[in-house]
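Report on the structure given below.
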Amino acid sequence: MSGGVIPSPMSDAQAAAAIFAVDPVGTGVLLRAGPCPARDRWLAALRALWPAHTPLRRVPPAVPDDRLLGGLDLAATLAAGRPIAERGILAASDGGALLLAMADRLPPGTAARIAAAMDAGEVAMQRDGIDLRLPSRFGVIALDEGLAEDERAPPALAERLAIHLTLEAGTLPSPDPGTAIDEARAHLASVTADSQVLHALCSAAAALGIASLRAPLQAVRVARAAAALAGRDRVDEADVALAARLVLAPRATRLPLPDEPPAHAPTAPDPSPPPDEQRAREDAVPLEDVVVAAARAAIPSALLAALRLGEAPRSGPRADGKAGAQRRTVRRGRPAGTRLGTLRSGQRLALVETLRAAAPWQSLRRLEAANAARRVIVRRDDIRLVRLKAPSLTTTIFAVDASGSAALARLAEAKGAVELLLADCYVRRDTVALIAFRGRTAELVLPPTGSLARARRCLAGLPGGGGTPLAAALDMIEGVADSVARKGRTPITVLLTDGRANVARDGTPGRPQAEQDALDAARRLRASGRACLLIDTAPRPQPTAERIAREMGARYLALPYADATALSHAVRADIEASR
């Protein structure tokens, strides 16, 4: 194979398009960019490189499961009198790729089904009398338009996409359409990567704080595709550096440590090396250092700023919904018209509207049908389903620090702020719960309720004083939030504390163990992905409170000088922002 396939000079964005075209199944692209000319030109460049005979299908975020995975073809089944299967998008894309529009709005369930098909290489249809397994090996381009960290593509999908590419507004030259993608695809299987390349990529991943083993494996696939594009049989340093920039740099969770001297540096030079060899030894740089340097130079500016501040990127689940998580159920709620769709388990057929849609065509359909005795011939386009509108409600869990360290004045301000916020929840028909923690334990003073008067009575009688059992409070928050979520509501936690934990989970006093227990409980709460807000009520912002907020994935708000009204306004604005 002749070299020089990749046009020169070529940016990383251009190389990403060419690499994906060569090995779509083994790589995948997460393209972070809003609608802009740069993204349009990148997609146009990819289509110019994409083989004409290979499917490239655009998939909206609200694609139904039967369209994605396949299922029963209702019209064909009614006509044939036996179950007829219809291939879904995943099976129809075998050997090609999916273009996921607005991947940041992709439901987690849909992302999980796509990820499962990517892992298994097949799609299983086992419902409605159908039991089929169809091959489904495809690549994925996810268009992530999210502006904030909690508006990203689902982690289950993002982790399986090798190339994470961020495009800025501006022009992007298109790669040469003459790039020999078919030739590089044929050559890809013969490209090898030696153990030195594998060691360098794994070392670079560890230096950048990447815990997943997928990343170095994906970097190897990207490096091999780059070598195939350049017509090489072996991965070289340029290919590994490109893979580090495209795969490892966007996943960095920390900056590499300062360079250290080699652990096994020779004590004395070789007594008799030739001059040229001696200069080559002095100029040689270990491959892992080259990879780390390339990845560090390519870390996106926003991520680099966060890493310099010591903030790890958020990777947990995100809260979803505006007035609580959007409930996508179609089995409960009030009728709100009809819609086109495919009848499947859990759907409600709008019979009258379906017959009304089919009625005008009966004469023509009877002429076409072999069985003229059939009374009504219903086709897929006639199916009308009942559209249901289910309310999506929120339960706000207030956890108030009533310990002695909270101070009586701050506790009074917190009570006043919570009472004002309770009135807002009552107007929205949301429910509220109240947790108080002091002494050795936390207490659910008010279970989730919609009674404003009852909430006020419980809040007015809340005493103060004693230790700060913060770990017990976080454990109780987790239990109440899980109970709320099981009832179909969305829990939002507002924690008011100064963060000075001094009572351990088992009720024994001692600040070191209490702080460690609180951090452990905060990490478990973060894993649940619940929306949380921590209000630091200390006269001066406390580093311990900020650390607790960071560990629990909560928004941190320090209000050292505020009365009840200002406190409630700040909390209300932050809750609205989280929605």
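Heads up, the sequence shown is in my numbering, so the first residue is 1 and it goes up one at a time.
All C-beta atoms in this analysis are idealised placements derived from N, C-alpha and C, irrespective of residue type, glycine included.
key: Spatial distance of Arg32 from Arg440 (CA atoms)   = C-alpha of Arg32 to C-alpha of Arg440: approximately 48 Å in a straight line.
query = Do Leu590 and Met552 have their C-beta atoms within less than 8 Å of each other?
reply = For residue 590 there is no data in the structure shown, the boundaries of the chain being 1 and 579.
ask   = For Phe20, which of helix, strand or coil comes out of DSSP?
value = Three-state DSSP puts Phe20 in a helix.
ask   = Using the beta-carbon count (16 or more within 10 Å), is Glu86 buried or exposed?
value = So Glu86 counts as buried.
request  = Have a look at Gln126 and Gly70 and give me their C-alpha separation to the nearest angstrom.
outcome  = Approximately 10 Å between the Cα atoms of the pair.
key: Contacting residues, own chain, Cβ-Cβ under 8 Å from Pro61 (five flanking each side not counted)   = Excluding positions up to five away in sequence, the list reads Leu100, Ala101, Met102, Ala103, Arg105, Leu106, Pro107, Thr110.
task = Look up Glu145 in the DSSP assignment and say whether it is helix, strand or coil.
result = Glu145: coil per DSSP, three-state reduction.
ask   = In angstroms, rounded to a whole number, what distance separates the CA positions of Pro177 and Arg47?
value = At Pro177, the pLDDT of 45 sits below 50, so the modelled position is not reliable and the matter cannot be decided from this model.
message = Alpha carbons only, please: which of Ala472, Asp536, Gly529 is nearest the one belonging to Pro509?
response = Ranking the options by Cα distance to Pro509, first place goes to Ala472.
query = What residues in its chain sit with their C-beta under 6 Å from that of Ala538, if we drop five residues either side in the sequence?
reply = For Ala538, where only same-chain residues beyond five positions count, the Cβ hits under 6 Å are Asp498.
Stretch pair the region 214 to 232 + the region 181 to 197: three plus CB contacts closer than 8 Å = Judged by Cβ distances under 8 Å, the region 214 to 232 makes contact with the region 181 to 197, as three or more pairs qualify.
query = Hey, out of Arg456, Asp520, Thr449, whose CA is closest to Pro491's CA?
reply = When each option's Cα is compared against that of Pro491, the closest is Thr449.
message = Considering only their Cβ atoms, is the gap separating Leu98 from Arg57 smaller than 8 Å?
response = In contact: Arg57 and Leu98 (Cβ atoms closer than 8 Å).
task = Just list the alpha helix (DSSP H) runs in the region 452 to 522, keeping only unbroken ones of 4 residues or longer that don't cross its boundaries, in chain order.
result = Fully contained in the region 452 to 522 are the following alpha helix (DSSP H) runs of length 4 or more, in chain order: 452 to 460, 470 to 486.
ask   = When the Cα of Gly461 is compared with those of Ala481, Pro469, Ile477, Leu434, which residue comes out closest?
value = With distances taken between CA atoms, Gly461 lies nearest to Leu434 out of Ala481, Pro469, Ile477, Leu434.
key: Cut-off 6 Å between Cβ atoms - residues of its own chain near Glu443, not counting five sequence neighbours on either side   = So the qualifying residues of the chain are Ala436.
key: Neighbour-count burial assignment, His164, 16 or more Cβ in a 10 Å radius   = The residue is buried, with at least 16 neighbouring Cβ atoms inside 10 Å.
Where Gly34 falls, given that 16 or more other Cβ within 10 Å makes a residue buried = Exposed: under 16 other Cβ atoms inside 10 Å.
ask   = What is the DSSP secondary structure of Gly231, counted as helix, strand or coil?
value = If DSSP states are grouped into helix, strand and coil, Gly231 belongs with coil.
ask   = Can the beta-carbon of Leu402 be found less than 8 Å from the beta-carbon of Gly464?
value = Inspection of the sequence shows that residue 402 is occupied by Ala rather than by Leu. Taking 8 Å as the Cβ cut-off, Ala402 and Gly464 qualify as a contacting pair.
ask   = Is Met118 helix, strand or coil when you go by DSSP?
value = Here Met118 sits in helix by DSSP.
ask   = Just how far apart, CA to CA, sit Thr580 and Ala44?
value = This structure cannot speak to residue 580, because the chain is shown only from 1 to 579.
key: Inter-residue spacing [alpha-carbon to alpha-carbon] between Ala241 and Arg160   = Ala241 and Arg160: Cα-Cα distance of roughly 20 Å.
key: beta strand (DSSP E) segments (min. 3 residues) lying fully within the region 23 to 101   = As far as the region 23 to 101 is concerned, its whole beta strand (DSSP E) runs of at least 3 residues are 29 to 32, 56 to 59, 70 to 72, 85 to 87, 97 to 100.
Gly139, DSSP secondary structure in three states = DSSP places Gly139 in strand when its eight states are reduced to three.
task = With a cut-off of 8 Å on the beta carbons, I'd call Gly28 and Gly139 a contact; round off their distance for me.
result = About 6 Å separates the two Cβ atoms, so the contact holds.
ask   = Within this structure, are the beta carbons of Ala558 and Pro543 separated by less than 8 Å?
value = Taking 8 Å as the Cβ cut-off, Ala558 and Pro543 do not qualify as a contacting pair.
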